[in-house]
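Protein chains in written order, with this note's numbering: chain A, 1 to 435; chain B, 436 to 752.
The block underneath contains the structure these notes are about, expressed in structure tokens.
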């Protein structure tokens, strides 16, 4: 590795010196085009330091290589349409840090990133298998994108209330979890999981529910397989679990569980690490006190996959073929994933965007607060939407149509039996998985 | 020399031709309309045409589509989610319009009286309409929240009339009516102010004449106010139906079409399938499916409600 001495430069102290020293080396070894400039599009920040550190790292890249980079931040709902317009018109940003599925949808319009992906993998302890799933074109070894980070959604709970319910440790199996939820409800601190059309939280809960019981939307050959006895088991379990929820979860949107947990209305939900930090850092002393009582745990494992499962919100960077400066774009992505930059970003965001590269599991951020440790292994638990099939448009549409969420919700609401709900989900998924 | 002379003659001819052309009135009118026509074509006709074209293709967000005829519509016809959204849209439009007109007309009649602070009151009435829809939607979202609803709080914690918080949005029918109520609240000002304007054009002499004939308040309303108000009522009704039928923001912000698709309107479903779902063709087909309903509503307002017989009684042709 030409830039292996960077490994020595840990943290911010050596960064300035490192950047100036690195200047000739990066530009020379990577063949960066003369006079290159880049435009980057990424989702807007969700935690405050995200944008500031991303901009700092980008400025460091400019300093090291002389390549001017403009970063535009799109709101989360606009990112997908903007990526699509970029892909379809062949104009606009050179690099898009898009949502997980998008590189797979625009695969034939993307620059091959195999070189830098393999370099990064070798250097940083390898990619997590799910990161390879997100980065490589389906059933090939060609990398079309660099997954940059993923926000996980394990259980968030009030320690004292779980203890009061008689659990010293957070349950790791379905039966224990149901028992905990029943006792929480009896004590007046019920659990609450979003069952409304909540694209993040609703899918996170329902995917976990079905996956952990061994159900899945499609099989390895993209054949719809949701109508299975495992799914029906999951739905029966969901019905029992729903009885223990706080009323009104059928209309919960993504923000509802945050509001309820912050107000002390619920004792258990699922969320990204951002909720913990917003409570802990609250200026309201009452809310900040809740932070001391919060903890996180992985959701119960179940017999389904043989390990814990989770839905992660992943950002996946791609370089479009229409760029005039593909080498500069590749080097930019490599640079952002290198330790000096990436670790600072990971740490600054309190582990909100967790690492797809294994070496960053040793980052200081995971020692900074034992309560966030569970987020470290997000990529070990995560599965993709459309599991076990390929990451395709159909998978994205089925997700956006809330097929999984509504299957669970209709059973919980008593509108359908588990069998009916599974059959309906199968019908709806088949509308998009047609060949 | 001859060549120069010919050129000059040609020049004179063309000048005369141009002048005459610009003196020709229809041509001048056409030229002056061109900029407006251009704007209409580029910003209205083209997107509309493109939308209609997309509805007949299988375009996805990642790739251009092929013409597939009516396949999108056939597939939608067999899709219960779409059928529900059509019923929801009709119910939403129907009930909300009746509510808006009932309450709006009542409000207009009240405001037409001589009240203290008349101008201030009239200005206040407009507030729901002035507030950006998304803001009022978020306010209603809090009002209907299962945990933090102010209505539930008052009923349960202050007055003690109920034991549990109301689940406004958790079941299909309460959710539908909650949304309709929010839409009515937002729509009343437009109806009330428009009808108030209409009321003020009715000559007091007509009421005096009716009173001399011994008409009571109801008869004056039925035989003077209502017929005189009919033309403006037809216009306001048309607009109101169009706005309500195509409503998007309230539903999208409050329920996203949930619970379990029971409040999806055609507009929200079209967006969900087209943009987050990536099925541009299918989304466009849903949007295009709204057109016949809109055309019918418009025709009904113009041809039925604007008929003179309706306005001025059976025998007055």
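We put the beta carbon where it would ideally sit given N, CA and C, even for glycine.
From a predicted model like this one, the values you see are computed outputs, not experimental measurements.
- [ ] Check residue 735 of chain B in the structure and name its three-state DSSP category.
- [x] As a first step, residue 735 of chain B must be located in the second chain, where it is residue number 300. Helix.
Task: Endpoints, alpha helix (DSSP H) assigned at residue 646 of chain B - done: The sequence position of residue 646 of chain B within the second chain is 211, counting from 1. Taken as a continuous stretch (DSSP letters only), the alpha helix (DSSP H) holding residue 646 of chain B covers 639 to 647.
Open item on the list: Please tell me whether residue 583 of chain B has its Cβ less than 8 Å away from any Cβ of chain A.
Closed with: Stepping through the second chain from its first residue, residue 583 of chain B is reached at position 148. The beta carbon of residue 583 of chain B falls within 8 Å of a beta carbon belonging to chain A, placing the residue at that interface.
Task: Residues near residue 173 of chain A in its chain [Cβ-Cβ closer than 6 Å; skip 5 each side] - done: The residue given as residue 173 of chain A occupies position 173 in the first chain. Here the set comprises 300.
- [ ] Would you kindly work out how many angstroms separate the C-alpha atoms of residue 578 of chain B and residue 94 of chain A, rounded to a whole number?
- [x] Along the second chain, read from residue 1 onward, the residue named residue 578 of chain B stands at position 143. Along the first chain, read from residue 1 onward, the residue named residue 94 of chain A stands at position 94. Cα to Cα, the separation comes out at about 44 Å.
TODO: Reducing DSSP to helix, strand and coil, say where residue 96 of chain A ends up.
DONE: Taking the first chain and counting its residues from 1, one reaches residue 96 of chain A at position 96. Residue state, collapsed to three classes: strand.
Task: Residues near residue 713 of chain B in its chain [Cβ-Cβ closer than 6 Å; skip 5 each side] - done: In the second chain, the residue the question calls residue 713 of chain B occupies position 278. 495, 496.
TODO: List the residues of chain B that residue 105 of chain A touches, going by C-beta distances under 9 Å, in chain order.
DONE: Along the first chain, read from residue 1 onward, the residue named residue 105 of chain A stands at position 105. What residue 105 of chain A touches in chain B: 495, 496, 497, 498, 713.
TODO: Leaving out five residues on either side along the sequence, give the residues of the same chain with a beta carbon under 6 Å from the beta carbon of residue 144 of chain A.
DONE: Numbered from 1 along the first chain, position 144 holds the residue referred to as residue 144 of chain A. Excluding residues within five positions, the ones whose Cβ falls inside 6 Å are 103, 107, 110, 137.
- [ ] Kindly indicate which residue of A:212, A:88, A:97, A:49 has the alpha-carbon position closest to the one of residue 305 of chain A.
- [x] Taking the first chain and counting its residues from 1, the one referred to as residue 305 of chain A is at position 305. Looking at the Cα atoms, A:212 is the closest of the given residues.
Open item on the list: Counting only C-beta atoms, is residue 758 of chain B closer than 8 Å to chain A at any point?
Closed with: Residue 758 of chain B cannot be examined here, being either before or after the span of chain B that is shown, 436 to 752.
Open item on the list: Between A:50, A:64, A:89, A:44, which has its C-alpha nearest residue 77 of chain A's C-alpha?
Closed with: In the first chain, residue 77 of chain A corresponds to position 77, counting from 1. Looking at the Cα atoms, A:44 is the closest of the given residues.
Open item on the list: Considering just the uninterrupted stretch of the alpha helix (DSSP H) at residue 176 of chain A, what are its terminal residues?
Closed with: Position 176 of the first chain, counted from the start, is the residue given in the question as residue 176 of chain A. That run of the alpha helix (DSSP H) goes 174 to 186.
Open item on the list: For residue 560 of chain B, would you say it is in contact with chain A, using Cβ-to-Cβ distances shorter than 8 Å as the test?
Closed with: Taking the second chain and counting its residues from 1, one reaches residue 560 of chain B at position 125. Taking Cβ atoms only, chain A never reaches closer than 8 Å to residue 560 of chain B, which makes this a no.
Task: Close-in-space but distant-in-sequence residues of the same chain around residue 291 of chain A (CB under 6 Å, 5 per side omitted) - done: Here residue 291 of chain A refers to the residue found at position 291 when the first chain is read from its first residue. Cβ neighbours of residue 291 of chain A beyond the five flanking positions: 279, 280.
- [ ] Quick one: using the 10 Å Cβ neighbour count with 16 as the cut-off for buried, is residue 627 of chain B buried or exposed?
- [x] In the second chain, the residue the question calls residue 627 of chain B occupies position 192. Buried is the call here.
Open item on the list: Contact criterion: CB-CB distance below 8 Å. Does residue 573 of chain B meet it with respect to chain A?
Closed with: On the second chain, residue 573 of chain B is found 138 positions in, with the first residue counted as 1. So, not an interface residue.
Task: Interface partners of residue 265 of chain A on chain B, CB under 7 Å - done: On the first chain, residue 265 of chain A is found 265 positions in, with the first residue counted as 1. The contact set of residue 265 of chain A on chain B, defined by CB atoms closer than 7 Å, consists of 582 in chain order.
Task: Cα-Cα separation, residue 507 of chain B to residue 519 of chain B - done: Taking the second chain and counting its residues from 1, the one referred to as residue 507 of chain B is at position 72. Taking the second chain and counting its residues from 1, the one referred to as residue 519 of chain B is at position 84. Residue 507 of chain B and residue 519 of chain B: Cα-Cα distance of roughly 17 Å.
Open item on the list: So for residue 691 of chain B, helix, strand or coil by DSSP?
Closed with: Sequence index remark: in the second chain, residue 691 of chain B carries index 256 (1-based). Coil at residue 691 of chain B, not helix or strand.
- [ ] May I ask you to report which of helix, strand or coil DSSP gives residue 223 of chain A?
- [x] Position 223 of the first chain, counted from the first residue, corresponds to residue 223 of chain A. In this structure, residue 223 of chain A counts as coil in the three-state DSSP scheme.
Open item on the list: Counting beta carbon pairs with one atom in the region 177 to 190 of chain A and one in the region 198 to 205 of chain A, are three or more of them shorter than 8 Å?
Closed with: The region 198 to 205 of chain A, when compared against the region 177 to 190 of chain A, does not touch it at the 8 Å Cβ threshold.
Task: Selection of the region 499 to 510 of chain B by Cβ proximity to chain A, strictly under 8 Å - done: Within the region 499 to 510 of chain B, the residues whose Cβ lies closer than 8 Å to some Cβ of chain A are 499, 510, listed in chain order.
Task: Cβ of residue 158 of chain A within 8 Å of any chain B Cβ - done: As a working mapping, residue 158 of chain A is identified with position 158 in the first chain. For residue 158 of chain A, the answer is no, since every Cβ of chain B falls outside 8 Å of its Cβ.
Task: Residues near residue 329 of chain A in its chain [Cβ-Cβ closer than 8 Å; skip 5 each side] - done: Walking along the first chain from the start, residue 329 of chain A turns up at place 329. The answer, listed in chain order, is 38, 94, 95, 111, 319, 323.
TODO: Assign residue 22 of chain A to one of three DSSP states: helix, strand, or coil.
DONE: Taking the first chain and counting its residues from 1, one reaches residue 22 of chain A at position 22. For residue 22 of chain A, the pLDDT reaches just 45, beneath the cut-off of 50, and the residue's location in the model is therefore unreliable, although a value from the coordinates is still provided. Of the three classes helix, strand and coil, the one that applies to residue 22 of chain A here is helix, per DSSP.
- [ ] Return the first residue and the last residue of the beta strand (DSSP E) that residue 427 of chain A is part of.
- [x] Residue numbering aside, residue 427 of chain A sits at position 427 when the first chain is read from its first letter. Boundaries for residue 427 of chain A: no beta strand (DSSP E) harbours it, while the alpha helix (DSSP H) harbouring it runs 418 to 432, taken from the DSSP string.
Open item on the list: Can you tell me whether residue 72 of chain A is helix, strand or coil according to DSSP?
Closed with: Taking the first residue of the first chain as 1, we reach residue 72 of chain A at position 72. In the three-state reduction of the DSSP assignment, residue 72 of chain A falls in the strand class.
- [ ] Go ahead and label residue 515 of chain B buried or exposed: buried means 16 or more other beta carbons lie within 10 angstroms of its beta carbon, across all protein chains shown.
- [x] For the purposes of this step, residue 515 of chain B is identified with residue 80 of the second chain, where counting begins at 1. That one is exposed.
Task: CA-to-CA distance, residue 392 of chain A to residue 423 of chain A, given in whole angstroms - done: Walking along the first chain from the start, residue 423 of chain A turns up at place 423. Walking along the first chain from the start, residue 392 of chain A turns up at place 392. Approximately 22 Å between the Cα atoms of the pair.
Task: Proximal residues, the region 246 to 262 of chain A versus chain B, C-beta separation under 8 Å - done: Sequence-ordered contacts of the region 246 to 262 of chain A with chain B read 246, 247, 248, 249, 250, 251, 252, 253, 256, 259, 260 [C-beta pairs closer than 8 Å].
TODO: Taking only beta-carbon positions, decide if residue 523 of chain B is within less than 8 Å of chain E.
DONE: Annotation note: the requested chain E is absent from the structure, which comprises protein chains A and B.
Task: Contacting positions in the region 691 to 713 of chain B - beta carbon closer than 8 Å to chain A - done: The residues in question are 691, 692, 693, 694, 695, 696, 707, 708, 710, 711, 712, 713.
TODO: Answer yes or no: do residue 511 of chain B and residue 517 of chain B have a C-beta to C-beta separation smaller than 8 Å?
DONE: On the second chain, position 76 is the one that residue 511 of chain B refers to. On the second chain, position 82 is the one that residue 517 of chain B refers to. Cβ atoms of residue 511 of chain B and residue 517 of chain B: closer than 8 Å.
Task: Stretch-stretch touch, CB-based, cutoff 8 Å, three pairs: the region 685 to 696 of chain B with the region 191 to 198 of chain A - done: Contact between the region 685 to 696 of chain B and the region 191 to 198 of chain A is present, because at least three Cβ pairs lie under 8 Å.
- [ ] Whole angstroms is fine: what's the gap from residue 660 of chain B's alpha carbon to residue 560 of chain B's?
- [x] For the purposes of this step, residue 660 of chain B is taken as the residue at position 225 of the second chain. For the purposes of this step, residue 560 of chain B is taken as the residue at position 125 of the second chain. Computed Cα separation, rounded: 22 Å.
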